[in-house]
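Peer 1: If you're matching positions, the sequence shown starts at 57 in our numbering and goes up one per residue. Next up is a structure, given as structure tokens.
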Amino acid sequence: MKVRILAFLLIISFPVSLLSKEKEEIGQLIRQASDENDSVRISANIKLAEIFTEDNYSLAEKYALTALEVSLTKERKKDEADACNALGLIYIQAKKYDKALEKFYNCLKIRKEIKEMAGVADCYNNLGLVFRSTGEVEKSLEHFLKAAEVAKTNNYQKNIGAYFDNAGKSYYMNSEYELAYDFFMKSLVISESNNDIKSTATVLTDLGMLFIKQDEKEKAMEYLEKAYMLAKTNRLLPETRRAAEVLNSLFILSDDYKSAYFYYKEFTRLTDSIKSIKLANRMSFIETEIKFEKEQQLELVSVEKEELESTLILERQLFILALFVLAAVSVIIILMLLFKGFRRKRTNRKIINEQKVSIEEKSGVLYLQSDEIGMLKNEIDRNQNLITQQQNENLKIKNQIIESAEYASRISSALITGKEEFRRILPDSFIMNMPCEHGSGDFYFISKKADRIIIAVGDCTGRGVAGTLMSVLGMNLFSIVVNEKGIARPNVILNTVRDLFNQSVGDKSNDHMEAAVISISHKTKTIEYAGAKSPAYIVRKDHHGAEELQPDRMRIGDTDMMQPFTNKSVSISEGDSLYLFTDGFTAQFGGKSGKKFNNNMFRQLLIWSSPRSVYDQEAAIAGAFHEWKGENEQVDDVLVVGVKF
């Protein structure tokens, strides 16, 4: 209880100080990124690349490439190596492993040339990260151990703990748990002796995961709570979130759902905090960019102002000179006019007549403009009347659309299998169906054939009338394929439905359908699955996790992707739960930060609710959706079908 109270008090103060600190740091770095000093400019660009590596790949790559370009131009070998290293880390995050290897090998070559052995050790470690990401565990181990050897030989103690930890993770992936434990413990000793809080928290969590794997829950609890409190006390958000996530899994395994829910809440809150910091970084970048643009514009305006003032001074001098010349000329003219009075009178009369004509011409122009203004007023009045008529027409069209939507909805309701019929075939099941508008583009289908039960869930293009009509087409096609043609194999069902769908809507249509099909055999205790960009989840009776049945990455209606759908077969046991769903739930914006309900949160919700009865599950999942949505508008149709075996 004390751990939880302290954790709650600490979490409140996490994001605020971090946000202001990182915002100030980013603003300063963006200014330095344009500095005339090459060293300052390269260093700032590399640091900005590191900050944006995880959440903004293109921006991080831009800064790292800028640093690399300046380094190559100025022939700065150490900076070139640092820029290559930053690019390699960016490409790991983007899963562009070939590019990552290229940059790390370039970095390694340069650091060996300039004899920067600490950097050489880091390069070996980063190469190990790439090989571990590509599943080449033995190669990753070779490079992690090489990194530790180089660091030890050159008395570079700072990161040896991290290298040993990475080696332990590779042994863990290779199921060599004793070796994993040895390297984790070596890492822990070194990290604690170096007072490296971040590495210590990381390796404590790794040890907790290792003991969970070996079913030593008490030891796992001890290490994980140490990791959690150490990271929390030192305000290490990612490490705190990781420890909370593993503690949530541990308490689920221990059937302590109250504690599991507490750490799940901590995990989601920390996730939101990290996202807030990343968003603040992005906003700080935008604010600083705008500020730079304004400063540049002000400098430009200042230059233009100086040029304008110089021009005005020159014009004023010319004007004064012109006045003197004009005065002199006027005196001469006056003297001449005194001798030529008659000529002067005739000239004045001519000037007066010309002015009179000019005034009359201007009066005529004003009269014409007055007429044009009157005509424009009449035109505006006519346009106003047309707008009023158009508004009335739009209101009629809106009413017709609403009536069409309600009619389409009634057609869809008449065709879709009722919940009672669904539960007659599968008694231990639920259907949570929440259309976004009057009609729905989501639909479900069920049919019993001999010893098999066929279930399908589909998500069609559009909402309202358009979505309803497409869902009616989808239900009819599944009925034809399953009930009339007697096809029971899921991938063959999808192949046949796709052929009929393309015949119905045409090859050039933009309409499509995502669908998942399940064939259940209680006799053989197996299910067969095929999916058109629509996955399914199985939560086993021990409720330890959700097993994802992955679909083919193509939709029904994608005429440029016509490969046959693949079939998957999975064994089931009494107490297992199966879930089919559309993407409307995870697409919903809500929560405190107004973000989407992501796939990981949805998976955790299914695991958490799976021990309950199907009726309680439906209520819990629906309640979670409404709580998340809050006052926000529902963005898409929502359909979740659950079956407990």
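Glycine is no exception: its CB is placed at the ideal position from the N, C-alpha and C atoms.
(1) What residues in its chain sit with their C-beta under 6 Å from that of S666, if we drop five residues either side in the sequence?
(2) Might you give, ordered along the chain, the residues of its own chain that have their beta carbon closer than 8 Å to the beta carbon of V691, omitting 5 neighbours on each side?
(3) Check F160 in the structure and name its three-state DSSP category.
(4) Return the chain-ordered list of same chain residues with a C-beta closer than 6 Å to the C-beta of E117, the five sequence neighbours on each side being excluded.
(5) For K133, collect the residues of the same chain with a Cβ closer than 6 Å to its Cβ; drop the 5 residues on either side in sequence, then sort them by chain order.
(6) Among the candidates G587, A203, S535 and F637, whose CA atom is the shortest distance from the CA of N623?
(7) Am I right that N671 and F486 are in contact with their C-beta atoms under 8 Å? What's the rounded C-beta distance?
(8) Give me the DSSP bridge partner(s) of Y319.
(9) Could you pull the start and end residues of the beta strand (DSSP E) that C516 belongs to?
(10) Taking C-alpha atoms, which residue in E630, E136, Y320 and N211 lies nearest to S127?
(11) Put Y585 into one of helix, strand or coil per three-state DSSP.
(12) Report the option in S625, S527, R508 and A316 whose CA atom is closest to the CA atom of T517.
(13) Measuring alpha carbon to alpha carbon, tell me which residue in L201, R508 and G191 is nearest A177.
(14) Any idea what DSSP makes of N215, helix, strand or coil?
(15) With a threshold of 16 other CB atoms inside 10 Å of the CB of P483, please say whether the residue is buried or exposed.
(16) Hey, out of F501, S565 and M657, whose CA is closest to T327's CA?
(17) Express the C-alpha separation of G601 and Y319 in angstroms, rounding to a whole number.
(18) Hey, could you find the ends of the beta strand (DSSP E) K505 is sitting in?
(19) Does the beta-carbon of M531 have 16 or more other beta-carbons within 10 angstroms, so that it is buried, or is it exposed?
(20) Is the Cβ-Cβ distance between V696 and M488 less than 7 Å?
(21) Taking the CB atoms as reference points, tell me whether V96 and Q88 lie closer together than 7 Å.
(22) Quick one: grab the DSSP three-state call for V126.
(23) Assuming G495 and V521 form a contact by the criterion Cβ under 8 Å, report the distance between their Cβ atoms to the nearest whole angstrom.
(24) Given a threshold of 16 other Cβ atoms within 10 Å of its Cβ, counted over all protein chains shown, does K700 qualify as buried or as exposed?
(25) Any contact of the stretch 255–270 with the stretch 291–303, i.e. 3+ C-beta pairs under 8 Å?
Peer 2: Checking against the coordinates, here is how it stands:
(1) Sequence-distant Cβ neighbours of S666 in its own chain, meaning closer than 6 Å and more than five residues away, are V595, H599 and S633.
(2) Listed in chain order, the non-local C-beta contacts of V691 below 8 Å within the same chain comprise C492, G640, A643, Q644 and F645, local neighbours out to five positions each way being set aside.
(3) helix
(4) Leaving aside the five residues that flank E117 on each side, the residues in its chain whose CB is nearer than 6 Å to its CB run, in chain order, I146.
(5) For K133, where only same-chain residues beyond five positions count, the Cβ hits under 6 Å are I166 and I170.
(6) Nearest C-alpha to N623: G587.
(7) Just to set this straight, residue 671 is Tyr in the shown sequence, not Asn. Contact flag correct, Cβ pair sits at about 7 Å.
(8) Answer is none; Y319 lacks a bridge partner.
(9) R508 to C516
(10) E136
(11) Residue state for Y585 is assigned as strand, using DSSP reduced to three classes.
(12) S527
(13) Comparing Cα-Cα distances from A177 to each of L201, R508 and G191, the minimum goes to L201.
(14) If DSSP states are grouped into helix, strand and coil, N215 belongs with coil.
(15) exposed
(16) M657
(17) Separation of Y319 and G601 (C-alpha to C-alpha, rounded to the nearest whole angstrom) is 16 Å.
(18) D498 to K505
(19) So M531 counts as buried.
(20) In this structure, M488 lies closer than 7 Å to V696 by Cβ.
(21) yes
(22) helix
(23) In this structure G495 is in contact with V521, their Cβ atoms being roughly 6 Å apart against a cut-off of 8 Å.
(24) Counting of Cβ neighbours within 10 angstroms places K700 among the buried residues, the total reaching 16 or more.
(25) yes
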